[in-house]
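Participant: Numbered according to the numbering used here, the sequence shown spans residues 448 to 608.
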Amino acid sequence: MNRLQARARWKYYAGAGGTVAIIGLLVALGSGSNDSFSRGRNAEGKPSLRLGQALYGQHCASCHGANLEGQPNWRDGLPDGRYPAPPHDQTGHTWHHDDDFLFRTTKQGGQATAPAGFLSGMPAFEATLADDEIWSILAFIKSRWPADIAAAQASKNARRR
Ligand code: HEC
């Protein structure tokens with residue numbers, strides 16, 4: 448084999464290897480998203496409260512409070528025009544919104560659901576959390592509401608459908 452042939456052969460292997468690597472990556476990505484899909488559900492296919500609680504602690508508690516209590520003086524605007532993180536318990540207004548709003552606010556960030564001109568401090572989690580993981584966090588938050596508050600929020604979903 449002369450040098451030219453050797454180089455051509457090397458290129459051939461590199462090309463084949465590249466293709467194999469890309470297929471491997473696609474398989475990994477495919478199964479990865481399947482994993483994160485099933486990760487958010489329990490055996491009955493319902494959003495998992497245990498996972499929701501763990502993910503809440505990891506991703507939300509730093510702002511919304513370990514006990515869902517929100518940040519101090521959350522009704523008062525901050526110097527930068529934003530507001531502190533509100534509570535997710537019954538003292539806040541999370542339960543004033545339907546599921547679709549809560550999901551979109553978490554996935555796409557507060558700016559996506561804010562009125563025009565409003566500056567939101569709520570980050571987007573679409574790069575961090577799978578949809579089912581978001582639903583499991585919302586299920587955990589709801590599980591902490593008293594029955595009348597949970598019913599009031601649930602009725603907002605019913606009205607939309
Ligand atoms: C960096 C701080 C921060 C983190 C972390 C954070 N949030 Fe927020 N969140 C906010 C702020 C600030 C607001 C108020 C948004 C506004 O003023 O638009 C908010 C608002 C919300 C709202 C709307 C509540 C309402 O009553 O309108 C939801 C729902 C929400 N967050 C869910 C979550 C969830 C779920 C997580 C974790 C996955 C999370 N947030 C993590 C800061 C944060």
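Built from N, CA and C at the ideal position, the CB exists for glycine as well.
I need the straight-line Cα distance from ASP579 to HIS506, nearest angstrom please.
Facilitator: The alpha-carbon atoms of ASP579 and HIS506 are separated by roughly 15 Å.
Participant: Beta-carbon within less than 7 Å of GLN555's beta-carbon, same chain only, minus the 5 sequence neighbours each way: which residues are those?
Facilitator: Counting only Cβ-Cβ distances below 7 Å, and skipping sequence neighbours, we find ALA571 and GLU573.
Participant: Provide the residue span of the alpha helix (DSSP H) that contains THR575, from first to last.
Facilitator: Per DSSP, THR575 belongs to no alpha helix (DSSP H) and is neither H nor E.
Participant: How big is the Cα-Cα spacing for PRO519 and PRO526?
Facilitator: Approximately 15 Å between the Cα atoms of the pair.
Participant: Looking at ligand 2, does it come within less than 7 Å of PRO570, judged from the CB to the closest heavy atom?
Facilitator: With respect to ligand 2, the structure shown offers nothing to examine, as its ligands consist of ligand 1.
Participant: Have a look at TRP542 and LEU515 and give me their C-alpha separation to the nearest angstrom.
Facilitator: Each residue's Cα considered, the two are about 12 Å apart.
Participant: Between the Cα of ASP547 and those of GLU491, ALA601 and ALA490, spot the shortest distance and give me the residue it belongs to.
Facilitator: Answer by Cα proximity: ALA601.
Participant: Around the Cβ of SER509, are there at least 16 other Cβ atoms within 10 angstroms (buried) or fewer (exposed)?
Facilitator: Result: exposed.
Participant: Report all residues from its chain with a CB closer than 7 Å to the CB of ALA598; omit the five preceding and five following residues, and keep chain order.
Facilitator: Answer for ALA598: no residue qualifies.
Participant: Measure from the alpha carbon of HIS511 to the alpha carbon of each residue in HIS535, LEU496 and ASP523, then state which is nearest.
Facilitator: The shortest Cα separation from HIS511 among HIS535, LEU496 and ASP523 belongs to HIS535.
Participant: If you count every other CB in all the chains shown that lies within 10 Å of the CB of PHE565, and 16 or more means buried, which is it?
Facilitator: Per the 10 Å Cβ criterion, exposed.
Participant: Put ARG488 into one of helix, strand or coil per three-state DSSP.
Facilitator: Strand, per DSSP.
Participant: Following a CB-centred definition, is SER509 positioned closer than 7 Å to any heavy atom of ligand 1?
Facilitator: It does: the Cβ of SER509 is within 7 Å (strictly closer) of some heavy atom of ligand 1.
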